[in-house]
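Scroll down for the structure; my scribbles are underneath it.
Residue numbers (the working numbering): 1 to 257.
The following block contains the structure:
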């Protein structure tokens, strides 16, 4: 009996020790370590409702903390890593393709950050101007296109302007960003057959990359999570089926290097 009491006393000491350790780690916001400490405490006292609740709550806090870190630390360069061989093959010199790749990454990261902060992005086309040839006093690196999607007429008129702008500004690439919810035309998510939309009814925005030798298209879906508007991972789309604008640059043997 004495031995049994000693064992129970020892278990209580272990429970309290690990429980206090867990509380200290929780206060330091080291939630993973705190959960580990509480789990050890629970092994010594499996019936403890308080410890079980602690573990459940901290596990949820850990998920939320990791999600918040993902939101704050946007690394589109890693997400688009698989495109590097294609960019290298299409654009040639390392300096050129890396410059164009960085341009695309920067535009996408800025758009996602804006969406997280405000729940919207400004509809515009960003141009990668040629440092040597572009008249920078005449051509800006971005053009607003907020009226482009009101009708077939405004869409065609804007496209004509953008194509001329891309050529006359000697741009090497362009990247369009526009929210889905302002597009009255063309509603590219309403196609049938091979053009059928596969991403449901999610809100979000389009990113369309244009160059004389390569075109890409993504849709970035969004969702509401605990009162915040957050982006899911960009979904690559078939640009032939879902393009927001037709080809902005003349398809070329053009040497953009």
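No residue lacks a Cβ here, since even glycine has one placed at the ideal position from N, Cα and C.
Judged by pairs of C-beta atoms under 8 angstroms, the stretch 218-236 does not touch the stretch 84-99, as fewer than three such pairs exist.
Judged by DSSP secondary structure, residue 35 falls within the alpha helix (DSSP H) whose first and last residues are 31-44. Residue burial is scored here from C-beta neighbours: residue 236 has fewer than 16 other C-beta atoms within 10 angstroms and is therefore classed as exposed. In this structure, DSSP gives residue 251 a state outside helix and strand, which the three-state scheme calls coil. Burial of residue 54 is indicated by the presence of at least 16 other C-beta atoms within 10 angstroms of its C-beta. For residue 216, the uninterrupted beta strand (DSSP E) run begins and ends at 215-225, by DSSP. For the 8 angstroms CB-CB criterion, residue 159 and residue 246 form a contact. For a cut-off of 8 angstroms, the C-beta gap from residue 103 to residue 134 is around 14 angstroms, too long to register as a contact. In chain order, 233 and 234 place their CB closer than 8 angstroms to the CB of residue 79, counting only its own chain and leaving out the 5 sequence neighbours on each side.
Proximity of the stretch 142-155 to the stretch 201-214 falls short of the contact definition, fewer than three beta-carbon pairs being nearer than 8 angstroms. Annotation: residue 33 to residue 83 spans about 37 angstroms, alpha carbon to alpha carbon.
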